[in-house]
Amino acid sequence: MAALNPDPTLAGYAAFVRRHLITIVLLVAAGTGAGLIQGMLTPPTYTASTQVFAPATPVHPGLERKPDQRLPRDVTIDTEAQLLRSSPVMDRVAAALGVNRQGAAEAITISVPANSRLITVQVRDRDPERALAAVIVATDSYLSLRRQIVAGIRQRQLEALQSRIGVVEVRLDTLSKGSVRRDAASRTRRASMIRQINELERQVSRIQRQSETTGEVVRAASVPRRPDRDNNEVPVASYAALGLLAGVVMGMLRDRRGRVPAPSEGAVRHEPEPEPDLSARLGDRRDPRPAGSSRSGP
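Under the UniProt record's numbering, the first residue of the sequence shown carries the number 1, and numbering increases by one thereafter.
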């Protein structure tokens, strides 16, 4: 058996490939074929895309705050993305695609550029018409839900402002009826309350004048004509690499079974001892007298 070299060289690698070339080629070909079959059996998918503009929505008009207190943040774009993935929207998308809510969540993709309120909505499906219908349903459901939420926020804001106006008016009326002396302090308080009422009324007018538009589609979706390129070469390359790895491992196992380890440096190599010449010893014992001597008779 051949010795296993602990330090293989480039020539050793080349010899390894030559010894197991048939096995490696067959396994690589099998892996490539499996990748091609998987790519052929995988159905194409289509992606329908649209863009929606979602303007910022204030949620704190008329909110009193201290000088060192910051106002709450407006509705962020992350909130808009969560609205797109909310249950009412996902249920309608799932119905349009004919899948469950989990499948709808996997089929929809939401992306927003940095420092922008332009939302890109994409829906992927095997049928281009169904993908288009699903992305339209998603945007319509989102805008409808957003419209309801914004209307509710606006109504609560108006009710809160009008309630505060009523409270300040009651205080002003009480101050006017109870004040006997028209001193400077009383006039200052009255003027402050009147300014507060005027400011609250301006906020009410500003909310009432706000546009009813809570979002709009800026780029309508269309039927996707070409399927997505899901890197069809990836399965072929992956399976071919697996075949190559399997061929190398199989060759290493074959070589390991057919080789013995080579002796390390400094190791003493024991040579087998030569067998003794038994025939010579037997000849000496058979006739110890010198050759040519004869035995004389009496």
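Just so it is clear, CB atoms sit at the ideal spot from N, CA and C, and this is done for glycine as well. Only a predicted model underlies this, so the values are computations on that prediction, with no experimental measurement involved.
Ranked by Cα distance from glutamate 80, the options Ala48, Arg146, Ala94 are led by Arg146.
Tyrosine 239 counts as buried, since at least 16 other C-beta atoms from the protein chains shown sit within 10 angstroms of its C-beta.
Taking C-beta separations shorter than 8 angstroms and ignoring five residues to either side along the sequence, the partners of proline 128 in its chain run Tyr46, Ala48, Val223, Pro224, Arg225, following chain order. When rounded, the separation of the alpha-carbon atoms in glutamine 157 and valine 99 is 39 angstroms.
Arginine 219 is bridged by DSSP to Gln51. DSSP places serine 111 in the strand class (E or B) of the three-state scheme. In this structure, glycine 31 places its C-beta atom within 9 angstroms of the C-beta atom of glycine 243. Of the candidates Val248, Val234, Met250, the residue whose Cα lies closest to the Cα of glutamine 38 is Val234.
Per DSSP, valine 123 is not a residue of any alpha helix (DSSP H); the beta strand (DSSP E) it occupies stretches across 118-125. Residue burial annotation: leucine 253 is exposed, with fewer than 16 other C-beta atoms found within 10 angstroms of its C-beta. Sequence-distant Cβ neighbours of alanine 133 in its own chain, meaning closer than 7 angstroms and more than five residues away, are Ala96. Sorting Glu201, Val168, Thr174, Arg209 by C-alpha distance to the C-alpha of serine 192 places Val168 at the top. Excluding residues up to 5 positions away in sequence, Ile165, Val168, Glu169, Leu172 lie with their Cβ nearer than 8 angstroms to the Cβ of isoleucine 197 in the same chain. Pairwise C-beta distances place the stretch 100-118 out of contact with the stretch 16-33, as fewer than three of them are shorter than 8 angstroms. Assignment of alpha helix (DSSP H) within the stretch 76-113, counting only whole runs of 4 or more residues, yields 77-84, 87-97, 101-107 in chain order. In the DSSP assignment, the residues bridged to tyrosine 46 are Asp125.
With a beta-carbon spacing of about 6 angstroms, leucine 175 and arginine 190 fall inside the 8 angstroms limit used to define contacts. Counted as a single uninterrupted DSSP element, the alpha helix (DSSP H) harbouring arginine 19 occupies residues 10-19. C-alpha of valine 236 to C-alpha of alanine 34: approximately 7 angstroms in a straight line. Counting C-beta atoms within 10 angstroms of its own C-beta, methionine 40 has fewer than 16 neighbours from the protein chains shown and is therefore classed as exposed. Judged by beta-carbon spacing, alanine 221 lies beyond the 9 angstroms limit of threonine 76, meaning their Cβ atoms are not closer than that value. By the neighbour-count criterion, in which 16 or more other beta carbons inside 10 Å mark a residue as buried, isoleucine 194 falls on the exposed side.
The three-state secondary structure of aspartate 228, taken from DSSP, is coil. Following the DSSP letters along the chain, one finds alanine 56 in no alpha helix (DSSP H), marked with neither H nor E.
Taken through DSSP and simplified to helix, strand or coil, threonine 139 comes out as helix. At the C-beta level, serine 141 and proline 227 stay beyond 9 angstroms of one another. Here the alpha carbon of valine 217 sits roughly 32 angstroms from the alpha carbon of alanine 160.
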